[in-house]
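Participant: The following block contains the structure, expressed as structure tokens.
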Amino acid sequence: MEDIRFTPGLLPPEAEALRAEVRDFIASHLKGYPGVKRAKSWSGADPEFSKAMGARGWIGMTWPKEYGGGGRSFLERYVVLEEMLAAGAPVSAHWVADRQSGPLLLKFGTEEQRRKYIPAITRGESYFCIGMSEPNSGSDLASIRTRAEKTADGWRINGQKIWTSKAHTAHHMIALVRTRPQDPKDRHAGLSQFLIDMKETKGVTIRPIRNMAGEQMFNEVFFEDAEVPADALVGTEGGGWGQVTTELAFERSGPERYLSSYQLLFELVREIGADAGPAEAAGIGRLAAHLSTLRQMSISIATMLERGETPNLAAAIVKELGVAYEQDMPGKAHDIAGISPRTGADAGGFDQVMAYMTMAARSFSLRGGTREIMRGIIARGLGLR
Amino acid sequence: MTGTSEMANILAEAAGRLLEDHVTRDVLSAAEDGTWPQDLWQELEQNGLTQPLAPEDRGGMGATFADAFVIAFAAGRRRAPVPLVETMAAGWLLGRAGIDVPPGPLALIDGGGDLALKDGALSGVAKSVPWAAQAGHLVVEIDGTVLLVPADAVTLTPDSNMAGEPRGTVTLEAAKPAATGSLGLTGNLPVARTLGALMRAAQMAGAMEGAVTLAVQHAGDREQFGRPIAKFQAIQQMLARAAARAAQARSAAETAFLALDRVGDDLTDAEWDVAAAKVVAGEAAEIVYDAAHQTHGAIGFTYEHELHFTTRRLWAWRGEFGAETYWAQEIGQRVLARGADTLWPDLTARQKG
Numbered sequence: 035m036e037d038i039r040f041t042p043g044l045l046p047p048e049a050e051a052l053r054a055e056v057r058d059f060i061a062s063h064l065k066g067y068p069g070v071k072r073a074k075s076w077s078g079a080d081p082e083f084s085k086a087m088g089a090r091g092w093i094g095m096t097w098p099k100e101y102g103g104g105g106r107s108f109l110e111r112y113v114v115l116e117e118m119l120a121a122g123a124p125v126s127a128h129w130v131a132d133r134q135s136g137p138l139l140l141k142f143g144t145e146e147q148r149r150k151y152i153p154a155i156t157r158g159e160s161y162f163c164i165g166m167s168e169p170n171s172g173s174d175l176a177s178i179r180t181r182a183e184k185t186a187d188g189w190r191i192n193g194q195k196i197w198t199s200k201a202h203t204a205h206h207m208i209a210l211v212r213t214r215p216q217d218p219k220d221r222h223a224g225l226s227q228f229l230i231d232m233k234e235t236k237g238v239t240i241r242p243i244r245n246m247a248g249e250q251m252f253n254e255v256f257f258e259d260a261e262v263p264a265d266a267l268v269g270t271e272g273g274g275w276g277q278v279t280t281e282l283a284f285e286r287s288g289p290e291r292y293l294s295s296y297q298l299l300f301e302l303v304r305e306i307g308a309d310a311g312p313a314e315a316a317g318i319g320r321l322a323a324h325l326s327t328l329r330q331m332s333i334s335i336a337t338m339l340e341r342g343e344t345p346n347l348a349a350a351i352v353k354e355l356g357v358a359y360e361q362d363m364p365g366k367a368h369d370i371a372g373i374s375p376r377t378g379a380d381a382g383g384f385d386q387v388m389a390y391m392t393m394a395a396r397s398f399s400l401r402g403g404t405r406e407i408m409r410g411i412i413a414r415g416l417g418l419r
Numbered sequence: 387m388t389g390t391s392e393m394a395n396i397l398a399e400a401a402g403r404l405l406e407d408h409v410t411r412d413v414l415s416a417a418e419d420g421t422w423p424q425d426l427w428q429e430l431e432q433n434g435l436t437q438p439l440a441p442e443d444r445g446g447m448g449a450t451f452a453d454a455f456v457i458a459f460a461a462g463r464r465r466a467p468v469p470l471v472e473t474m475a476a477g478w479l480l481g482r483a484g485i486d487v488p489p490g491p492l493a494l495i496d497g498g499g500d501l502a503l504k505d506g507a508l509s510g511v512a513k514s515v516p517w518a519a520q521a522g523h524l525v526v527e528i529d530g531t532v533l534l535v536p537a538d539a540v541t542l543t544p545d546s547n548m549a550g551e552p553r554g555t556v557t558l559e560a561a562k563p564a565a566t567g568s569l570g571l572t573g574n575l576p577v578a579r580t581l582g583a584l585m586r587a588a589q590m591a592g593a594m595e596g597a598v599t600l601a602v603q604h605a606g607d608r609e610q611f612g613r614p615i616a617k618f619q620a621i622q623q624m625l626a627r628a629a630a631r632a633a634q635a636r637s638a639a640e641t642a643f644l645a646l647d648r649v650g651d652d653l654t655d656a657e658w659d660v661a662a663a664k665v666v667a668g669e670a671a672e673i674v675y676d677a678a679h680q681t682h683g684a685i686g687f688t689y690e691h692e693l694h695f696t697t698r699r700l701w702a703w704r705g706e707f708g709a710e711t712y713w714a715q716e717i718g719q720r721v722l723a724r725g726a727d728t729l730w731p732d733l734t735a736r737q738k739g
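Chains as they are written, first to last, in this note's numbering: chain A, 35 to 419; chain B, 387 to 739.
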């Protein structure tokens, strides 16, 4: 059984120093931005907002300066992220590029790829999506069948991805595909990652899928003899599984793992008001207690990452706890406020956010590894499997 | 930073080893039948582990709360059947009020009930006082005044909590303290209650780690359908969830200990962290209690098996020094009084230190 420790830490002064600056930026850029839009959290997109963040140096903050990055610490980035999320800022356009694709390219990409893609990401102009799931490959990612075959001057891709968030707005996809047939003895072998230009590549078709909250967030993406150049390969041919695993670790313990439904708590506190009864106050108090402890755990992991540690088990635990918290929020809000939320233009902020979040929260325990997969990872850490 | 300092490592090692050696199943069982584990207490006291928080010139070790966390955690992890955390908390109160700390076990009394201080003497009734019969002195905090009351100055009606730990109703009739001092600390709540909840949160986190560890061991040993039950996903998922909640409780408790080191002369912010720790520990207790017993099956329901020494304490501590509802109301009322716009700024400011 691994020792599970969350050493309490505080954000250092240089990180705290950024907070007021970020709040000022948000106050001026998001004046009058409605609650129901803020509730979209890191699913809400606004390219102009992304460009403004890029201009402030708040995308790719931890990346080397030579590629346009900020050369700052993970803890400074943490402050910017959590302030954006607490405000419900529309950070989704650049989100995947900032959180996953950029770090992936910096770690596994060629020098040429870094010079070509990273600077535009940091300016908030270049957006990425991630092609992983397929119709018959969800949690069992190693079973994917989309394949790339070597051609004279590159690769030819055939197959289908699904549930690809933001494929319809992203400039590029980093897709995990099969470059060798499946080996029953080593299911993780023969997978590779490709960087695909979503706007220019012929043979790529994107079909939106409407979700139960009425949004178009994710898509089906079809590849029919889609030709990509040789330098579209990211990292090593056949090394895709190891690269993807690293990539997923970037996304397990950040502030987005407990702040996705923060706007509902905000609206709930406003709705309940200062003259609440003891039961309502206790309900709010429980939610606030979790918010506070989850933030502390998340900061603790960011501190460990900054020190160069790899707290994979602890990160999985934060995702397990954080996702449960943000997903349970509508149910707790229901217990406290007891309404059937109205929707539509006349509905109040609390009603709209409540209705939206009740539906949107269903995806929280699915995205980035399901609840069951995460508990499996924790169980392995406990020595149960 | 806590948990990584040299002092914390020394204390963790000393407390862990000492408790592991002395707190056997027989000692636990005997303690429940009323036998005071004198050897254990003597060892703890001789090693300075009972007074980490009192200043050196008052008879303590002068350690920080951050360092002392490991002792309270170990006390819960090993189910120490002695008032280790109460003595520790009472020692801090005495030290802060400029009172020399007497040797021996101390009882901690929450003066927020119906106790009243008049002309320097204390009257009223305090219920469910932990370890009152074993303590040489009772330490009472009432409206910022700390009183050291000799045990023979009060009347005690003993009872016990559901884990068989000694508790009792203390009746004071114009009881004269041996010493009185001023705490010099403002806050929203009775200070002894906050300290008691802080200690219980750490003990509960320790007890939960203990319960999960026992369950993981049992799941690996116990075979059904031709394989260890640890191989079943239902067991894995249940224990993974429990382990995560136990880790949250530990993190929250450790954070609250750290907050106590930053109080200065105002406890208000630290009360928030203590409240959060007691709330998440109490909620986690229910999940861990369920998962640990479900994994153990019928053997865990026997008195013979050691699991109940941990899980009954866990449940009892959940209700002591304020249950979840009490502490959740405290935080909730503060949040609602301040309003939605300050919820996030207040949180980040409080955790800034």
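Where a beta carbon is used, it is the ideal one built from N, C-alpha and C, also for glycine.
Tell me which residue opens and which closes the beta strand (DSSP E) that residue 548 of chain B is part of.
Facilitator: Within the second sequence, residue 548 of chain B is the residue found at index 162, counting from 1. Careful: residue 548 of chain B lies outside any beta strand (DSSP E) and carries neither H nor E.
Participant: To test your reading of the DSSP string, which unbroken alpha helix (DSSP H) runs of 4 or more residues are found completely within the region 253-309 of chain A?
Facilitator: 274-283, 296-306
Participant: Using a beta-carbon distance cut-off of less than 8 angstroms, what residues from the region 313-324 of chain A approach chain B?
Facilitator: 314, 315, 316, 317, 318, 319, 320, 322, 323, 324
Participant: DSSP three-state call for residue 237 of chain A: helix, strand or coil?
Facilitator: In the first sequence, the residue the question calls residue 237 of chain A occupies position 203. In this structure, residue 237 of chain A counts as coil in the three-state DSSP scheme.
Participant: Just verifying my parser: in three-state terms, what is the DSSP assignment at residue 721 of chain B?
Facilitator: As a position in the second sequence, residue 721 of chain B is number 335, starting the count at 1. Note: residue 721 of chain B maps to helix in three-state DSSP.
Participant: What span of residues does the beta strand (DSSP E) with residue 185 of chain A cover, start to end?
Facilitator: The sequence position of residue 185 of chain A within the first sequence is 151, counting from 1. For residue 185 of chain A, there is no enclosing beta strand (DSSP E), as DSSP marks it with neither H nor E.
Participant: When you compare only the Cα positions, how much space is there between residue 415 of chain B and residue 275 of chain A?
Facilitator: Here residue 415 of chain B is taken as the residue at index 29 of the second sequence, counted from 1. Here residue 275 of chain A is taken as the residue at index 241 of the first sequence, counted from 1. So the two alpha carbons sit approximately 53 angstroms from each other.
Participant: Can you tell me the Cβ-Cβ gap for residue 471 of chain B and residue 440 of chain B, rounded? I've got them flagged as a contact below 8 angstroms.
Facilitator: Residue numbering aside, residue 471 of chain B sits at position 85 when the second sequence is read from its first letter. Residue numbering aside, residue 440 of chain B sits at position 54 when the second sequence is read from its first letter. Between residue 440 of chain B and residue 471 of chain B the Cβ distance is about 14 angstroms, and since that is not below 8 angstroms, they are no contact.
Participant: Note down the Cα distance separating residue 389 of chain B from residue 633 of chain B, rounded to an integer number of angstroms.
Facilitator: One-based indexing of the second sequence puts residue 389 of chain B at position 3. One-based indexing of the second sequence puts residue 633 of chain B at position 247. For residue 389 of chain B, the predicted structure reports a pLDDT of 44, less than 50, and the residue's modelled location is therefore unreliable. A value from the coordinates is still provided. Looking at the two C-alpha atoms, the distance is approximately 14 angstroms.
Participant: Leaving out five residues on either side along the sequence, give the residues of the same chain with a beta carbon under 6 angstroms from the beta carbon of residue 287 of chain A.
Facilitator: Taking the first residue of the first sequence as 1, we reach residue 287 of chain A at position 253. Taken in chain order, the residues that qualify are 332, 335, 349, 352.
Participant: Nearest to residue 594 of chain B by CA position, among B:654, B:695, B:444, B:690, is which residue?
Facilitator: Within the second sequence, numbered from 1, the residue matching residue 594 of chain B stands at position 208. Checking every option, the nearest Cα to that of residue 594 of chain B belongs to B:695.
Participant: Could you tell me which chain B residues have their CB closer than 9 angstroms to the CB of residue 123 of chain A, listed as they occur along the chain?
Facilitator: Taking the first sequence and counting its residues from 1, the one referred to as residue 123 of chain A is at position 89. The contacting residues do not exist; residue 123 of chain A stays about 13 angstroms from chain B at best.
Participant: Between the region 696-719 of chain B and chain A, which residues of the former have CB atoms less than 8 angstroms from a CB of the latter, in chain order?
Facilitator: The region 696-719 of chain B vs chain A, Cβ under 8 angstroms: 710, 711, 713, 714, 715, 716, 717, 718, 719.
Participant: What does residue 330 of chain A reach in chain B if we use C-beta pairs closer than 8 angstroms?
Facilitator: By 1-based counting over the first sequence, the position of residue 330 of chain A is 296. Below the 8 angstroms Cβ cutoff, chain B contributes 637, 638, 641, 737 as neighbours of residue 330 of chain A, in chain order.
Participant: Mind checking which residues open and close the beta strand (DSSP E) that includes residue 212 of chain A?
Facilitator: Here residue 212 of chain A refers to the residue found at position 178 of the first sequence. Residues 206-212.
Participant: By DSSP's criteria, residue 192 of chain A is part of a beta bridge. Which residues make up the other side?
Facilitator: Here residue 192 of chain A is taken as the residue at index 158 of the first sequence, counted from 1. A:181, per the DSSP bridge assignment.
Participant: Between residue 655 of chain B and the rest of its own chain, which residues show a CB-CB distance below 6 angstroms, the 5 nearest in sequence each way excluded?
Facilitator: Within the second sequence, the letter at position 269 stands for residue 655 of chain B. Same-chain partners within the cutoff: 736.
Participant: Give the straight-line distance between the Cα atoms of residue 163 of chain A and residue 133 of chain A, rounded to the nearest whole angstrom.
Facilitator: As a position in the first sequence, residue 163 of chain A is number 129, starting the count at 1. As a position in the first sequence, residue 133 of chain A is number 99, starting the count at 1. Each residue's alpha carbon lies about 11 angstroms from the other.
Participant: Three or more C-beta pairs closer than 8 angstroms, one from the region 643-653 of chain B and one from the region 404-415 of chain B: is that the case here?
Facilitator: no
Participant: Using the Cβ count rule (16 or more neighbours within 10 Å means buried), how would you classify residue 145 of chain A?
Facilitator: Counting from 1 along the first sequence, the entry for residue 145 of chain A is found at position 111. Only exposed fits residue 145 of chain A, as fewer than 16 other CB atoms lie within 10 angstroms of its CB.
Participant: In the DSSP assignment, what residue or residues form a beta bridge with residue 504 of chain B?
Facilitator: By one-based count along the second sequence, residue 504 of chain B stands at place 118. Answer is B:507, bridged to residue 504 of chain B.
Participant: Quick one: list the residues of chain B neighbouring residue 373 of chain A, beta-carbon separation under 9 angstroms, in chain order.
Facilitator: Translated into the one-based positions of the first sequence, residue 373 of chain A becomes position 339. Here the premise fails: no neighbours, minimum Cβ distance about 17 angstroms.
Participant: Quick check on the DSSP output: the beta strand (DSSP E) that includes residue 567 of chain B runs from which residue to which?
Facilitator: Translated into the one-based positions of the second sequence, residue 567 of chain B becomes position 181. It spans 565-568 - the beta strand (DSSP E) in which residue 567 of chain B sits, taken as one unbroken run.
Participant: Per DSSP, residue 531 of chain B forms a beta bridge with which residues?
Facilitator: What you label residue 531 of chain B is simply residue 145 of the second sequence in a count that begins at 1. Looking at the DSSP assignment, residue 531 of chain B forms a beta bridge with B:528, B:568.
Participant: Can the beta-carbon of residue 528 of chain B be found closer than 9 angstroms to that of residue 494 of chain B?
Facilitator: Within the second sequence, residue 528 of chain B is the residue found at index 142, counting from 1. Within the second sequence, residue 494 of chain B is the residue found at index 108, counting from 1. Their beta carbons are not under 9 angstroms apart, which means residue 528 of chain B does not touch residue 494 of chain B by this criterion.
Participant: Checking contacts by CB at 9 angstroms: is residue 621 of chain B closer than that to chain A?
Facilitator: Stepping through the second sequence from its first residue, residue 621 of chain B is reached at position 235. So, interface residue.
Participant: Please report the distance separating the alpha-carbon of residue 58 of chain A from that of residue 52 of chain A.
Facilitator: Within the first sequence, residue 58 of chain A is the residue found at index 24, counting from 1. Within the first sequence, residue 52 of chain A is the residue found at index 18, counting from 1. The straight-line gap from Cα to Cα measures roughly 10 angstroms.
Participant: Using 9 angstroms as the limit for Cβ to Cβ distance, is residue 301 of chain A near chain B?
Facilitator: Residue mapping note: residue 301 of chain A aligns to position 267 of the first sequence, counting from 1. Chain B contact via Cβ: present.
Participant: Given that a residue counts as buried once 16 or more other Cβ atoms are within 10 Å of its Cβ, and exposed if not, what is residue 659 of chain B?
Facilitator: Here residue 659 of chain B refers to the residue found at position 273 when the second sequence is read from its first residue. Flag for residue 659 of chain B reads buried.
Participant: Starting from residue 496 of chain B, follow the beta strand (DSSP E) in both directions and report where the run begins and ends.
Facilitator: Taking the first residue of the second sequence as position 1, residue 496 of chain B is located at position 110. Where residue 496 of chain B is concerned, the enclosing beta strand (DSSP E) stretches over 492-496.
Participant: Closer than 7 angstroms by beta-carbon distance: list the chain A residues that pair up with residue 634 of chain B, in chain order.
Facilitator: Numbered from its first residue, the second sequence carries residue 634 of chain B at position 248. Here the neighbours are 327, 331, 355.
Participant: Quick one, are the C-beta atoms of residue 190 of chain A and residue 212 of chain A less than 9 angstroms apart?
Facilitator: Residue 190 of chain A sits at position 156 when you count from the first residue of the first sequence. Residue 212 of chain A sits at position 178 when you count from the first residue of the first sequence. Not a contact, by the Cβ cut-off of 9 angstroms.
Participant: Would you grab the beta carbon distance between residue 126 of chain A and residue 197 of chain A for me? Rounded to a whole angstrom, and I think it's under 8 angstroms.
Facilitator: Translated into positions along the first sequence, residue 126 of chain A becomes position 92. Translated into positions along the first sequence, residue 197 of chain A becomes position 163. Their Cβ separation, rounded to whole angstroms, is 16 angstroms, which puts residue 126 of chain A and residue 197 of chain A out of contact at 8 angstroms.
Participant: In chain A, which residues lie with their C-beta within 7 angstroms of the C-beta of residue 478 of chain B?
Facilitator: In the second sequence, the residue the question calls residue 478 of chain B occupies position 92. Under the 7 angstroms cutoff, chain A gives no residues; its nearest Cβ is about 19 angstroms from residue 478 of chain B.
Participant: Run down chain B in chain order and give the residues with a C-beta less than 9 angstroms from the C-beta of residue 410 of chain A.
Facilitator: To locate residue 410 of chain A, count along the first sequence from 1; it is residue 376. Simply 619, 622, 623, 626.
Participant: Considering just the uninterrupted stretch of the alpha helix (DSSP H) at residue 228 of chain A, what are its terminal residues?
Facilitator: Numbered from its first residue, the first sequence carries residue 228 of chain A at position 194. Element bounds for residue 228 of chain A: not the alpha helix (DSSP H) but the beta strand (DSSP E), 225-231.
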